[in-house]
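Here's the structure we're looking at; comments come further down.
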């Protein structure tokens, strides 16, 4: 629903989603750059995150829900990387970013859906 502003926890979660999404994207970019992987691997690392960008920009809650599922794949890969290279700053950064992204997106969907539901059931100014 257009025009319903984010308030309180929803606004904070929305900001956290964007900050952690950007952090994860930059971490994946840096990891691909430093590892000097072929372009196909670049696509595999970045495309899943970029696929949800249009829906996130339009505030489609379904995009945030699917982003949570994809985050789990990044989480698995980053935890494996963290065990293989303990203390690697890039792996730690990515793990923190993906956990934050998952939690913030999940909470954003919950809180934003409540806001939208409340706006739908609120009486109109004309009293209808």
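In our numbering, the protein residues as written are 148 to 275. C-beta atoms are modelled at their ideal positions from N, C-alpha and C, and glycine is treated no differently.
Does residue i get closer than 8 Å to chain C when you measure Cβ to Cβ?
{"i": "residue 223", "result": "In summary, chain C is missing from the structure at hand, where a single protein chain is found."}
Nearest-angstrom Cα distance between residue i and residue j?
{"i": "residue 233", "j": "residue 266", "result": "48 Å"}
{"i": "residue 164", "j": "residue 181", "result": "25 Å"}
{"i": "residue 184", "j": "residue 205", "result": "32 Å"}
{"i": "residue 191", "j": "residue 263", "result": "34 Å"}
{"i": "residue 228", "j": "residue 155", "result": "36 Å"}
{"i": "residue 158", "j": "residue 173", "result": "23 Å"}
{"i": "residue 268", "j": "residue 207", "result": "19 Å"}
{"i": "residue 151", "j": "residue 203", "result": "15 Å"}
{"i": "residue 249", "j": "residue 237", "result": "18 Å"}
{"i": "residue 162", "j": "residue 153", "result": "10 Å"}
{"i": "residue 166", "j": "residue 199", "result": "15 Å"}
For residue i versus residue j, is the C-beta distance shorter than 8 Å?
{"i": "residue 160", "j": "residue 260", "result": "no"}
{"i": "residue 179", "j": "residue 168", "result": "no"}
{"i": "residue 175", "j": "residue 193", "result": "yes"}
{"i": "residue 244", "j": "residue 177", "result": "no"}
{"i": "residue 242", "j": "residue 219", "result": "no"}
{"i": "residue 280", "j": "residue 217", "result": "Any property of residue 280 remains undetermined from this structure, which presents the chain solely from 148 to 275."}
{"i": "residue 246", "j": "residue 222", "result": "yes"}
Closer than 8 Å by C-beta to residue i: which residues in its own chain qualify, once you throw out the five before and the five after it? Chain order, please.
{"i": "residue 239", "result": "229"}
{"i": "residue 235", "result": "228, 229"}
Leaving out five residues before and five after residue i in sequence, what residues of the same chain have Cβ atoms less than 6 Å from its Cβ?
{"i": "residue 186", "result": "none"}
Given residue i, which residues of its chain have a CB within under 7 Å of its CB, disregarding the five upstream and five downstream residues?
{"i": "residue 215", "result": "249, 252, 253"}
> So, do the region 248-257 and the region 202-216 have three or more beta carbon pairs nearer to each other than 8 Å?
Replying inline: yes
>> Going residue by residue through the region 241-275, where are the continuous beta strand (DSSP E) segments of at least 3 residues, counting only ones entirely within it?
In response: none
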